[in-house]
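Below is one structure, written out as structure tokens, with a few remarks after it.
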Amino acid sequence: MQDTILKLEDLVYKTSKTILELEEDVLSYKISETKWSKKEILGHLIDSAMHNLQRFTEVQFESKPYVIRKYNQNDLVKANNYQEYVVENMVEFWGALNTQIAFVIKNLSREELDYKVNIDVGNLKTLDWLIVDYVEHIGHHSKQILKL
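So the sequence shown is residues 63 to 210, counted in the numbering used here.
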């Protein structure tokens, strides 16, 4: 799990640094109305961090298997209006959320990492799998943001 935490911290650092170096027109550019801008992708990562922080925390005390509550990512990006939000604030908030996520993960025992989570009906995974998947999700979207 230590490698996953280091990867999380590295992704957040590198992505944040690059975002803060980009001009607003690059961050806000949308190739179409149905595709997210780089700012909206970052907003989606904020929403994902909030939901996953809750999951990684709740799984420790809720009944098992822990049931993953889905969320509507497109509606959240729109409702939060990330396209118009100040990017520096977004980066700071995303960084703070992931710092807390890393802290929570560091404090999990091997037994807790093996807790079962219900991803979908009949699709059981472990908390360990969910954490790795979260970091891979950041990596996927980080590549979208860093692509110029």
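Beta carbons: idealized from backbone N, C-alpha and C, even for Gly.
Taking the alpha helix (DSSP H) that residue i falls in, what are its first and last residues?
i, result
"I103", "K100 to E120"
"N180", "Element bounds for N180: not the alpha helix (DSSP H) but the beta strand (DSSP E), K178 to D182."
"S90", "E86 to S90"
"E71", "Q64 to E83"
Among the options, whose alpha-carbon lies nearest the alpha-carbon of residue i?
i, options, result
"E102", "V139, H113 and V129", "V139"
"E173", "L189, N185 and L159", "L189"
"L192", "V148, T119 and H106", "T119"
"G201", "L70, Q64 and D65", "L70"
"S78", "V166, I163, Y177 and M152", "M152"
"N160", "Q64, M63, V74 and D65", "V74"
"L175", "R117, V148, G105 and D137", "R117"
Using the Cα positions of residue i and residue j, report the straight-line distance between them to the nearest angstrom.
i, j, result
"Q206", "Q122", "32 Å"
"M112", "E86", "25 Å"
"K187", "I181", "7 Å"
"N143", "P127", "34 Å"
"A158", "V183", "32 Å"
"N185", "I67", "25 Å"
"E95", "S171", "44 Å"
"I179", "L115", "Note that residue 179 corresponds to Val in the displayed sequence, not to Ile. Distance between the alpha carbons of V179 and L115 is about 14 Å."
"Q162", "L82", "21 Å"
Give the secondary structure of residue i by DSSP, where H, G and I count as helix, E and B as strand, and everything else as coil.
i, result
"Y196", "helix"
Segments assigned beta strand (DSSP E), at least 3 residues, entirely inside the segment 137-191: List check, beta strand (DSSP E) in window: 178-182 and 185-188.
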